[in-house]
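Working notes for the structure below.
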Amino acid sequence: MTQASAANAANTDGATEPNFVARTGARLAWYAALRVRAWTLSRLARLARLARLARLVVVAIVLLVPRAAHADWAEVRAHGELGWGGDLQGGEPYVYESPTQPGVLVGFEVDIAQALARELGVRAKFHQNDWSNLIPSLERGDFDVILNGLEDTPARRSRLRLSRPYFVYGETLAVRPGSALRALADLGGHRIGTLNQTVAQELLSAHHAEVVLYEGQQEPYLDLAHGRIEGVLLDHVIAARYGCPLPELRCLSKDLARGTYVVAIRPTEAELATRVDAALSHLIQSGELRAILEHWKLWDSRQDELSARDTVATAAAQAASVASASSGVAAPAAGIAKRALSGAQLALFFQGALLTIFISVCAFGLALPLGIALAVVRSHAGPVARFFATAYVEVFRGTPVLLQLYVLYYGLSSVVRLGPIVAAVLGLGLNYAAYEAEVHRGALNALPRGQAEAAGSLGLSRVQVLWHVLLPQSVRIALPALTNDFVALLKDSSLVSVITVVELTKRMTIVAVEARDWVVPGLLCASLYFAMSFPLSRLSLWLERRYQST
Amino acid sequence: MIRISGLHKAFSGTAVLGGVDASVEDGKIVALLGASGSGKSTLLRCLNGLETFDRGSVEIGGFSLQPGSHDPGVLQAVRGQVGMVFQEFHLFSHLTVLDNVTLAPRIVRGTGRAKAEAHAHELLSQVGLAERAHAMPRQLSGGQKQRVAIARALAQGVRVLLLDEPTSALDPELREEVREVLRRVARGAHDPSGAALTILLVTHEHALAHELADEIWTPAAGQIVSKSEPKKH
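Taken in sequence, the protein lines are chains A and B.
Adding 4 to a residue's 1-based position in the first sequence gives its number in our numbering.
Adding 104 to a residue's 1-based position in the second sequence gives its number in our numbering.
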């Protein structure tokens, strides 16, 4: 994610962005969170210097490299290219890589984008972008339009230009057999899964459901099948592909709400918007859109509403009306101006920070003893045990922690059904244990051999030598590296959002999208991380000074 | 009684001990006096199992050590009878002076804290460090560290004390305080009322060896080439 931000940052232009300075601030907050993870004492200082250098380079790039001006219609025509943003993770049938021809994109939205571009007299060019961040990326000018299951909502309408609909979806509720959940009104207080930034999410919060947010489409249904949640509310297209076919699940046949997918265009580009609308109208009238949707087996009675756009009842409007009717619940983002953070959002921020601390402390509480045990085995045990300890370290250190979290939470869920927080603690703890093992192995090796000899010559057994003489000293040597690793863990804990844990960073992205502002939530998030990690850095320095003077 | 018979030891093919035969009677003090590289430290380390040996045997403190790796139980039993003082002290840097001295009695012998500490205070006052019981090793001079190491080696009531170049790592002006402690320990060994303490001292300080020892061994080329009476001044 950091890499993507860096690439995007290079595209930011101070001249055309009025809130450039503020955005840069938010970007910098991201880079301040660049994690530094070191596994030997000698590498610590070098890595810290490298990180500082990397940060300087990024700042320099942000400040110096001008970005090409926003592509308007003239630009699109001049380039002969319509850049459209979407997320391949959305998968079949939207836009995804052909299973038979890797590298080739297919999906009904690919066909629509190509037809649209053809109508405009240009080529369509796909831009991969994280789905929950499509709108900020469009606003930043990474591509010309969003065409990726983006629902029409009043909030988006007030922020962007939205085309006429190209698809009508129904909100489908999937449950386990025997569930009493039937309608939106039944969902209050129940754990219901959906995707982040969807209308379904707004509908669910408006009806006081306990919303569990996912980033991929298959995961909520897997969790439902495994009993971690009580229902999944998502578009019928997703439900039909990922949820309803599962034998453990049942989908309600009646749509709980209805909405439309639209193409989003930056508000400044009136001409492009007009042309996109005209092109879509033509595709609808000519029957080409219907042909595309039929080809993808997506044409149904809902799509009759497409030709009469004004009569389409949007689920979002329904969510908005429910929310505004019930006091105390934040309405889905509406209005044009940025909204100040509410007290409730601040409270959620601190809750996220507490969860981040809780997960980090628990994970480190697991990583530390396990890491020490692994280090002892590697430096003192027999060859078989040593082999397994080495294999553990290499496997957990050699594969991404993100992957380990996925495997632990989704991959193993048919064997052990771990709750999200337990899986987060376990995943981070097991991963960090590999790093702690190396830190402690280094520290044990750094002890003079005479310590073990002197202890042995006093008649201490090998275990007593380790426990009473070697470990107390190696832990002191490792302390600065340990505090450093804990700071890294604190920041790595943001990865657990992929398994539905809403910790500090996830809370920030949710609030940022709701408030249409990345600066204040970003700075708040960064300062909370800083408030947690800075005292640890000082502690590390103090410990280093204290024990190096011996 | 220490009996060394036909002791052979080679490090990666190079013979260091080439058939050492020697014995020390209880309560005697023997100094191994010789150039570095003559194998005297290795001989000492073979006596308490810090090094294994290839051939021969060692009888020490009522136990017998055989070639190859030692049984941990036998090793622990031997070490309960044989104390060792190292050239570089090797105090446990995370423990106070007092805890350095009481560690082995408490966790190996299972002596209660109060009793172990009372004995440790006694030993520390014998080496002139009663005042520094609660200091950390890093706060001590080299000479003081070595005196703590001697107290630590004696804390389990050992019958044999192995001293490996106890003054060599010290600045000349600090050596005398350690020599003085060694004199006191040697007098204790010779005290007929006390339990017999056998001492093997590896050193290249001629004066010290001749002053303290009952017998001087001179190792060379992996053998003990001469055993002589010290020249008492």
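We treat Cβ as the ideally placed atom computed from N, Cα and C, and that holds for glycine.
Taking all protein chains shown into account, do 16 or more other C-beta atoms lie within 10 angstroms of the C-beta of residue i, making it buried, or fewer, making it exposed?
| i | result |
| --- | --- |
| B:Lys-331 | exposed |
| A:Arg-262 | buried |
| A:Val-388 | exposed |
| B:Val-252 | buried |
| A:Ser-418 | exposed |
| A:Asp-115 | buried |
| B:Glu-333 | exposed |
| A:Gln-105 | exposed |
| A:Leu-416 | exposed |
| A:Asn-449 | exposed |
| B:Pro-270 | buried |
| B:Lys-335 | exposed |
Alpha carbon to alpha carbon, what distance is there between residue j and residue i?
| i | j | result |
| --- | --- | --- |
| A:Leu-464 | B:Gly-123 | 30 Å |
| A:His-212 | A:Gly-197 | 13 Å |
| B:Glu-280 | A:Thr-360 | 60 Å |
| A:Val-40 | A:Gln-93 | Per-residue confidence for A:Val-40 stands at a pLDDT of 33, beneath the threshold of 50, marking its modelled position as unreliable; no derived number is given. |
| B:Pro-209 | B:Ala-220 | 6 Å |
| A:Ala-274 | A:Gly-291 | 26 Å |
| A:Leu-32 | A:Val-149 | Only weak support is given to the placement of A:Leu-32: the predicted model assigns it a pLDDT of 39, under 50, and the value that follows is read from those uncertain coordinates. Each residue's alpha carbon lies about 27 Å from the other. |
| A:Leu-406 | A:Leu-499 | 6 Å |
| A:Pro-181 | A:Leu-250 | 11 Å |
| A:Ser-497 | B:Val-282 | 56 Å |
| A:Met-512 | A:Ala-348 | 13 Å |
| A:Tyr-35 | A:Leu-532 | Residue confidence is low: A:Tyr-35 scores 38 on pLDDT, short of 50, so the model does not pin down where it sits. Its coordinate-derived value is still stated next. Spanning the two alpha carbons is a distance of roughly 15 Å. |
| A:His-444 | B:Gly-143 | 35 Å |
| B:Gln-346 | B:Thr-206 | Missing from the structure shown is residue 346 of chain B; chain B here goes from 105 to 337 and no further. |
| A:Tyr-380 | B:Phe-167 | Position check: residue 380 of chain A holds Val in this sequence, whereas Tyr was assumed. The alpha-carbon atoms of A:Val-380 and B:Phe-167 are separated by roughly 31 Å. |
| B:Leu-301 | B:Thr-156 | 24 Å |
| A:Ala-441 | A:Ala-367 | 14 Å |
Would DSSP call residue i helix, strand or coil?
| i | result |
| --- | --- |
| A:Thr-264 | strand |
| B:Gly-141 | coil |
| B:Leu-265 | strand |
| B:Glu-235 | helix |
| A:Cys-255 | strand |
| A:Val-420 | coil |
| A:Ser-541 | helix |
| B:Met-240 | coil |
| B:Lys-335 | coil |
| B:Lys-132 | coil |
| B:Asp-203 | helix |
| A:Glu-507 | coil |
| B:Met-105 | coil |
| B:Glu-221 | helix |
| A:Leu-310 | helix |
| B:Glu-319 | strand |
| A:Asp-239 | strand |
| A:Ala-334 | Note that A:Ala-334 has pLDDT 38, beneath the 50 cutoff, so the model's placement of it is unreliable and the number below is only indicative. Reduced to three states, the DSSP call for A:Ala-334 is coil. |
| B:Gly-110 | strand |
| A:Ser-346 | coil |
Counting contacts by CB-CB distance shorter than 8 Å, is residue i in contact with chain A?
| i | result |
| --- | --- |
| B:Gln-260 | yes |
| B:Ala-224 | no |
| B:Ser-173 | no |
| B:Glu-281 | no |
| B:Gln-180 | yes |
| B:Val-285 | no |
| B:Pro-176 | yes |
| B:His-198 | yes |
| B:Leu-207 | yes |
| B:Ile-211 | yes |
| B:Gly-247 | no |
Does any residue of chain B bring its CB to less than 8 Å from the CB of residue i?
| i | result |
| --- | --- |
| A:Pro-484 | no |
| A:Val-473 | yes |
| A:Leu-45 | Annotation note: pLDDT 38 at A:Leu-45 (below 50); position unreliable, no value reported. |
| A:Pro-476 | yes |
| A:Ser-386 | According to the sequence shown, residue 386 of chain A is Gly rather than Ser. No, A:Gly-386 does not count as interfacial toward chain B. |
| A:Ser-383 | no |
| A:Leu-352 | no |
Minimum length 4: unbroken alpha helix (DSSP H) runs contained in the region 150-226 of chain A:
Runs of the alpha helix (DSSP H) inside the region 150-226 of chain A: 158-163, 203-210.
Compile a chain-ordered list of the residues in the region 435-460 of chain A whose CB is closer than 8 Å to at least one CB of chain C.
Checking the listed chains, one finds no chain C in this structure; the protein chains it contains are A and B.
To test your reading of the DSSP string, which unbroken beta strand (DSSP E) runs of 3 or more residues are found completely within the region 85-148 of chain A?
List check, beta strand (DSSP E) in window: 85-90, 127-132.
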